[in-house]
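Q: The structure follows.
Residue numbers (the UniProt record's numbering): 1 to 226.
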């Protein structure tokens, strides 16, 4: 058995893991180590309290094996969460899409949807049609989401609210970029997306905006003499 934490990896047998230089973040690095030792036949237990690690490992259950588990919480509340039953309940497609759903509905780097908790968003995801689940799963593929992915992800986000016709491409794009990073959780040196097309567009927007200074005094003249 191998126990993987954010600081170390402890095994009850002689276990060798590649020591090559990695530029991965903490969450992805844990998955990278866990999959590597699981491929050697080890039973992997991952100690974590992080939601992104839970969702990342659900994507990797086929590689981690049937007896892989998360050890969550501390002290008397510590519990072992077997991953295979959750994976079976979700099904392969939605289990693979769940980490991208997290990026789309709000994580540390993509903001959040005000007034909509994760339980509401998860219920909508579980009830969503196949094309929506497929579109969410395809986030992170390529430099930008395709038109079909963009439209289906927007349809999912709109389903959380009353129909408003709001353009949500920016929300989908942020989720796409984060999903592209998470999709490389087994790569030691992930390819960071090129953000220049969007930063150039934003810079052009600022250049086309004119600055008009107000002639109104910040403080009324009469108060300056008090």
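Using N, Cα and C, we set each Cβ at its ideal position, and we do this for glycine too. It should be emphasised that the depicted structure is a prediction, and the values quoted were computed from it without experimental measurement.
(1) Using a threshold of 8 Å, state whether the C-beta atoms of residue 150 and residue 172 are closer than that.
(2) Report the option in 183, 55, 39 whose CA atom is closest to the CA atom of residue 122.
(3) By how many angstroms is the C-alpha of residue 182 removed from the C-alpha of residue 157?
(4) Tell me whether residue 173, by its Cβ, gets closer than 7 Å to a heavy atom of the ligand ATP.
(5) Could you say which of 186, 160, 152, 74 lies nearest to residue 176 if we only look at CA atoms?
(6) Runs of 4 residues minimum, wholly inside the stretch 96-171: which ones carry the alpha helix (DSSP H) assignment?
(7) Thinking just about the alpha-carbon of each residue, which of 72, 75, 57, 79 is nearest to the one in residue 86?
(8) Quick check: what's the CA-CA separation for residue 119 versus residue 180?
(9) If I follow the unbroken beta strand (DSSP E) through residue 51, where does it start and stop?
(10) State the Cα-Cα distance for the pair residue 147 and residue 169, rounded to the nearest angstrom.
(11) Could you check which residue in 186, 145, 113 has the C-alpha nearest to that of residue 159?
(12) Quick check: what's the CA-CA separation for residue 69 versus residue 80?
(13) Tell me the DSSP secondary structure of residue 46 in three-state form.
(14) Is there at least one Cβ from chain C nearer than 8 Å to residue 45's Cβ?
(15) Quick check: residue 95 and residue 64, are their CB atoms within less than 8 Å of each other?
(16) For residue 187 and residue 36, what's the separation of their Cα atoms in angstroms?
(17) Considering Cα atoms alone, identify which of 110, 47, 61, 141 is closest to residue 83.
(18) So, at 8 Å on beta carbons, what are the nonlocal neighbours of residue 78 in its own chain, with the 5 sequence-adjacent residues on each side left out?
(19) Could you please give the first and the last residue of the uninterrupted beta strand (DSSP E) stretch that includes residue 71?
(20) Less than 8 Å separating the beta-carbons of residue 89 and residue 137?
A: Taking the coordinates as given:
(1) Counting from 1 along the chain shown, the entry for residue 150 is found at position 150. Counting from 1 along the chain shown, the entry for residue 172 is found at position 172. In contact: residue 150 and residue 172 (Cβ atoms closer than 8 Å).
(2) On the chain shown, position 122 is the one that residue 122 refers to. Ranking the options by Cα distance to residue 122, first place goes to 55.
(3) The sequence position of residue 157 within the chain shown is 157, counting from 1. The sequence position of residue 182 within the chain shown is 182, counting from 1. Cα-Cα distance, rounded: 21 Å.
(4) Summarising the ligand content, the structure contains no ligands, and the ligand ATP is consequently not present.
(5) Taking the chain shown and counting its residues from 1, the one referred to as residue 176 is at position 176. Minimum Cα distance to residue 176 is reached at 152.
(6) Listed in chain order, they are 118-127, 130-137, 147-158.
(7) Mapped onto the chain shown, residue 86 falls at position 86. Taking only the C-alpha atoms, the option nearest residue 86 is 57.
(8) Position 119 of the chain shown, counted from the first residue, corresponds to residue 119. Position 180 of the chain shown, counted from the first residue, corresponds to residue 180. So the alpha carbons of these two residues sit roughly 24 Å apart.
(9) In the chain shown, the residue the question calls residue 51 occupies position 51. Premise fails: residue 51 lies in the alpha helix (DSSP H), 51-59, not in any beta strand (DSSP E).
(10) Within the chain shown, numbered from 1, the residue matching residue 147 stands at position 147. Within the chain shown, numbered from 1, the residue matching residue 169 stands at position 169. Cα to Cα, residue 147 sits roughly 10 Å from residue 169.
(11) Walking along the chain shown from the start, residue 159 turns up at place 159. For residue 159, the nearest C-alpha among the options comes from 113.
(12) One-based indexing of the chain shown puts residue 69 at position 69. One-based indexing of the chain shown puts residue 80 at position 80. Each residue's alpha carbon lies about 6 Å from the other.
(13) What you label residue 46 is simply residue 46 of the chain shown in a count that begins at 1. Residue 46: strand per DSSP, three-state reduction.
(14) The structure shown has no chain C; it contains just one protein chain.
(15) What you label residue 95 is simply residue 95 of the chain shown in a count that begins at 1. What you label residue 64 is simply residue 64 of the chain shown in a count that begins at 1. No, they are not a contact pair.
(16) For the purposes of this step, residue 187 is identified with residue 187 of the chain shown, where counting begins at 1. For the purposes of this step, residue 36 is identified with residue 36 of the chain shown, where counting begins at 1. In a straight line, the C-alpha of residue 187 is about 11 Å away from that of residue 36.
(17) Numbered from its first residue, the chain shown carries residue 83 at position 83. Of the candidates 110, 47, 61, 141, the one whose C-alpha sits nearest the C-alpha of residue 83 is 61.
(18) Here residue 78 is taken as the residue at index 78 of the chain shown, counted from 1. Around residue 78: 71, 72.
(19) If you number the chain shown from 1, residue 71 lands on position 71. Taken as a continuous stretch (DSSP letters only), the beta strand (DSSP E) holding residue 71 covers 69-72.
(20) Taking the first residue of the chain shown as position 1, residue 89 is located at position 89. Taking the first residue of the chain shown as position 1, residue 137 is located at position 137. Contact flag unset, no.
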